[in-house]
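Peer 1:
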Amino acid sequence: GNSVTQMEGPVTLSEEAFLTINCTYTATGYPSLFWYVQYPGEGLQLLLKATKADDKGSNKGFEATYRKETTSFHLEKGSVQVSDSAVYFCALSGYALNFGKGTSLLVTP
Amino acid sequence: EAGVAQSPRYKIIEKRQSVAFWCNPISGHATLYWYQQILGQGPKLLIQFQNNGVVDDSQLPKDRFSAERLKGVDSTLKIQPAKLEDSAVYLCASSPDGSGTMRGYTFGSGTRLTVV
Chain A
1238 GNSVTQMEGP VTLSEEAFLT INCTYTATGY PSLFWYVQYP GEGLQLLLKA TKADDKGSNK
1298 GFEATYRKET TSFHLEKGSV QVSDSAVYFC ALSGYALNFG KGTSLLVTP
Chain B
42 EAGVAQSPRY KIIEKRQSVA FWCNPISGHA TLYWYQQILG QGPKLLIQFQ NNGVVDDSQL
102 PKDRFSAERL KGVDSTLKIQ PAKLEDSAVY LCASSPDGSG TMRGYTFGSG TRLTVV
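Going down the list, the protein sequences come from chains A and B.
Using the working numbering, the letters of the first sequence map in sequence onto residues 1238 to 1346.
Using the working numbering, the letters of the second sequence map in sequence onto residues 42 to 157.
Below you can see the structure in the form of C-alpha cells.
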C-alpha cells in the first residue's frame, strides 16, 4: 500500500539556518503529496501540496518538489525562524491520506 | 468559514470506562475522517464517512470503537471499554468531497484522551 518514510528527529537548528526534512514514498499510481505542520497544542495544518510529478508546492517560505524519479518530496526552507518550531508530517493520498511519523523541528535564537 | 470543531479538548478516564468525542465538520463538507494520533507517531485513519455512509472502517477496532454520522453532518466517536493503549489525540478532519485526498483535508484541534 501507499506509505511515506520521513527522517527521524528531533532536528535542532539555529535561526536563519537552512532546513531540509527528507520524505520518500512508496505508492502505486500517481498520488498527491502533502506536508502538514502541527504547532504545539494545535491541530494539523496543511502547509503545502503537489499533485503531480515535478510540481513544486510552496507556502510561508517552505518548498517541496514532487520527484517521481527518486520518489521523494523533501521539505526545504532557506532561513528558518523560531516560529517554525513544530512537528512536520509528510503525507500522500491513497484511499485516504497516509501520514509519516513526523519530524520535530526546534529552532533556537 | 468556521473550521472543524471538536470537543472536548481533553479527557481523562480510567481503563474500562467509556468515552465519546464529538466533531462538527466545516459546513457543506461531505467527507469526514477520524484519525488516531499516538504520541510520537503520525495520524492513523480510523474511519471515513461520505455523507452519512461509512466508506472505510478497516482500521477501526470494532470490538471497542464505534462511530456514527447521523444526518451526514456531526459525528461521534465512542470507545467502550477504553484501554491504556487508547491514550492518544483523536483528530477529526473534513473535505468538501472525496477529492480531499487530492487537495488535502482541514483538521480540527483534536481531543487528547488519557486513559489511566
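No residue lacks a Cβ here, since even glycine has one placed at the ideal position from N, Cα and C.
From a predicted model like this one, the values you see are computed outputs, not experimental measurements.
Is it the case that the Cβ atoms of Q78 of chain B and P84 of chain B are separated by a distance below 7 Å?
Peer 2: Translated into positions along the second sequence, residue 78 of chain B becomes position 37. Translated into positions along the second sequence, residue 84 of chain B becomes position 43. It is a contact, given that the beta carbons lie within the stated cut-off.
Peer 1: With 16 other CB atoms within 10 Å as the buried threshold, where does V157 of chain B fall?
Peer 2: Counted from its first residue, the second sequence places residue 157 of chain B at position 116. By the 10 Å Cβ count, V157 of chain B comes out exposed.
Peer 1: Give the interface partners of K1338 of chain A over in chain B, defined as CB-CB distance under 8 Å, in chain order.
Peer 2: Here the question's residue 1338 of chain A lines up with position 101 in the first sequence. In chain order: G81, Q82 and G83.
Peer 1: Do D104 of chain B and I88 of chain B have their CB atoms nearer than 7 Å?
Peer 2: Position 63 of the second sequence, counted from the first residue, corresponds to residue 104 of chain B. Position 47 of the second sequence, counted from the first residue, corresponds to residue 88 of chain B. No, Cβ-Cβ distance for D104 of chain B and I88 of chain B is not below 7 Å.
Peer 1: Does the distance between the C-beta of W75 of chain B and the nearest non-hydrogen atom of the ligand ATP fall short of 6 Å?
Peer 2: Of ligands this structure carries none, so the ligand ATP is not represented either.
Peer 1: Ignoring anything shorter than 4 residues, give me the alpha helix (DSSP H) runs that lie fully in the region 79-155 of chain B, in order along the chain.
Peer 2: List check, alpha helix (DSSP H) in window: 141-144.
Peer 1: Evaluate F1255 of chain A with the Cβ neighbour count: other Cβ atoms within 10 Å of its Cβ, from every protein chain shown; 16 or more gives buried, anything less gives exposed.
Peer 2: Your numbering for residue 1255 of chain A matches position 18 in the first sequence. Under this definition F1255 of chain A is an exposed residue.
Peer 1: Please go through the same chain and pick out, in chain order, the residues whose beta-carbon is closer than 6 Å to the beta-carbon of L1270 of chain A, but skip the five residues on each side of it.
Peer 2: Translated into positions along the first sequence, residue 1270 of chain A becomes position 33. These residues qualify, in order along the chain: A1287, Y1303, F1310 and L1329.
Peer 1: Per DSSP, F1336 of chain A forms a beta bridge with which residues?
Peer 2: If you number the first sequence from 1, residue 1336 of chain A lands on position 99. In the DSSP output, where bridge partners are listed per residue, F1336 of chain A has A:A1328.
Peer 1: Starting from the Cα of N93 of chain B, find the closest Cα among B:A71, B:T155 and B:Y146 and give me that residue.
Peer 2: What you label residue 93 of chain B is simply residue 52 of the second sequence in a count that begins at 1. Selected option, being the one with the closest Cα: B:A71.
Peer 1: Relative to the C-alpha of I120 of chain B, which candidate in B:V95, B:K52 and B:T147 has its C-alpha closest?
Peer 2: Taking the second sequence and counting its residues from 1, the one referred to as residue 120 of chain B is at position 79. Considering only alpha carbons, the answer is B:K52.
Peer 1: For the candidate residues A:F1299, A:T1257, A:Y1262 and A:Y1325, whose alpha-carbon lies nearest to that of P1277 of chain A?
Peer 2: Working through the first sequence from its first residue, we reach residue 1277 of chain A at position 40. Comparing Cα-Cα distances from P1277 of chain A to each of A:F1299, A:T1257, A:Y1262 and A:Y1325, the minimum goes to A:Y1325.
Peer 1: Tell me the DSSP bridge mates of I67 of chain B?
Peer 2: The residue you call residue 67 of chain B lines up with position 26 of the second sequence. None, per the DSSP bridge assignment.
Peer 1: Report buried or exposed for V1241 of chain A, applying the criterion of at least 16 other Cβ atoms within 10 angstroms of its Cβ.
Peer 2: Start at 1 with the first residue of the first sequence, and residue 1241 of chain A comes out as number 4. With 16 or more Cβ atoms within 10 Å of its Cβ, V1241 of chain A is classed as buried.
Peer 1: Which of the three DSSP states, helix, strand or coil, is assigned to V1317 of chain A?
Peer 2: The residue given as residue 1317 of chain A occupies position 80 in the first sequence. Of the three classes helix, strand and coil, the one that applies to V1317 of chain A here is coil, per DSSP.
Peer 1: Output needed for S1322 of chain A: all residues of its chain with C-beta closer than 7 Å, excluding positions within five of it in sequence on either side, in chain order.
Peer 2: On the first sequence, residue 1322 of chain A is found 85 positions in, with the first residue counted as 1. For S1322 of chain A, where only same-chain residues beyond five positions count, the Cβ hits under 7 Å are L1342, L1343 and V1344.
Peer 1: If you measure beta-carbon to beta-carbon, which residues of the region 1268-1279 of chain A are closer than 7 Å to chain B?
Peer 2: Under the 7 Å Cβ criterion, the region 1268-1279 of chain A contributes S1269, F1271 and E1279.
Peer 1: For Q25 of chain B, name the three-state secondary structure that DSSP assigns.
Peer 2: Since the first and last residues shown for chain B are 42 and 157, residue 25 of chain B lies out of range.
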